[in-house]
Amino acid sequence: MSDNFKLDKQLCFSLYNAQRKMNRFYTNQVFKQYNLTYPQYLVLSILWQMSPVNVKTLVEALALDTGTISPLLKRMEANDLIVRKRSELDQREVFVHLTDKSRELQEPLQNCTDVLLEKDILSDQEIDELKELLDKMVHNMNNKIT
């Protein structure tokens, strides 16, 4: 049997497995106490940098489609984390705003990604190298694969 079929030899499986473990780690160790999911945290991270922001900007920044982000935003709005408002200039455009509740989460979650560093899973240098390689991979895939 070819080694090509062994999961431990496949880059895509390593990426998939690491992503699942990271999401589970952050969900259980960090976000659970705030009743947040990792995708909700990502939306809030964008909004903490610039709010309000239109849905199209969120879709592009998170590399998600509208069909995925709409239910996510709906749940966040139901949990009083965001407010969606239609643009007064163009009713087709929807802007997402922070709420007082989500603003209060900014400080405690400011350094939440440092929790992984504290676990000594990877060194600072290894994290930087891995991030650089993953960013390169995403960039190249965006440019070369349609």
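Take the sequence shown: its position 3, counted from the start at 1, is 25 in our numbering, and no numbers get skipped.
Glycine included, each C-beta is placed from N, C-alpha and C at the ideal position.
Please list, in chain order, all residues of the same chain as Phe25 whose beta carbon is under 7 Å from its beta carbon, the five residues on each side excluded. At residue 25 the sequence reads Asp, which differs from the Phe that was named. Same-chain partners within the cutoff: Lys31.
Any chance the segment 97 to 108 sits against the segment 36 to 46, with 3 or more Cβ pairs inside 8 Å? Result no; under three Cβ-Cβ pairs closer than 8 Å.
Once DSSP output is grouped into helix, strand and coil, what is the label at Leu138? The three-state secondary structure of Leu138, taken from DSSP, is helix.
So, helix, strand or coil for Asn57, using DSSP? Residue state for Asn57 is assigned as coil, using DSSP reduced to three classes.
Where Lys107 sits in the DSSP three-state scheme: If DSSP states are grouped into helix, strand and coil, Lys107 belongs with the strands.
Let me check understanding here. Comparing Cα to Cα, which of Gln51, Lys28, Leu37 and Leu33 lies closest to Leu138? Taking only the C-alpha atoms, the option nearest Leu138 is Gln51.
Please list, in chain order, all residues of the same chain as Ile98 whose beta carbon is under 6 Å from its beta carbon, the five residues on each side excluded. Residue identity differs from the one stated: residue 98 is Met in this sequence, not Ile. Excluding sequence neighbours, Met98 sits near Gln62 and Ile104.
Which of the three DSSP states is assigned to Asn39 in this structure? Reduced to three states, the DSSP call for Asn39 is helix.
Within 10 Å of its beta-carbon, does Asp66 have 16 or more other beta-carbons around it, so buried, or fewer, so exposed? The displayed chain sequence assigns Leu, not Asp, to residue 66. Flag for Leu66 reads buried.
For the beta strand (DSSP E) holding Leu144, just list the boundary residues, first then last. Taken as a continuous stretch (DSSP letters only), Leu144 belongs to no beta strand (DSSP E), as it is neither H nor E.
Of the choices Asn101, Val118 and Gln113, whose alpha-carbon is the least far from that of Thr79? The residue among Asn101, Val118 and Gln113 with its C-alpha nearest the C-alpha of Thr79 is Val118.
Might you give, ordered along the chain, the residues of its own chain that have their beta carbon closer than 7 Å to the beta carbon of Tyr60, omitting 5 neighbours on each side? Taken in chain order, the residues that qualify are Asn45, Tyr48, Thr49 and Phe53.
Entirely within the segment 61 to 125 and at least 3 residues each: give me those beta strand (DSSP E) ranges in chain order. DSSP runs (the beta strand (DSSP E)) wholly in the segment 61 to 125: 104 to 108 and 116 to 120.
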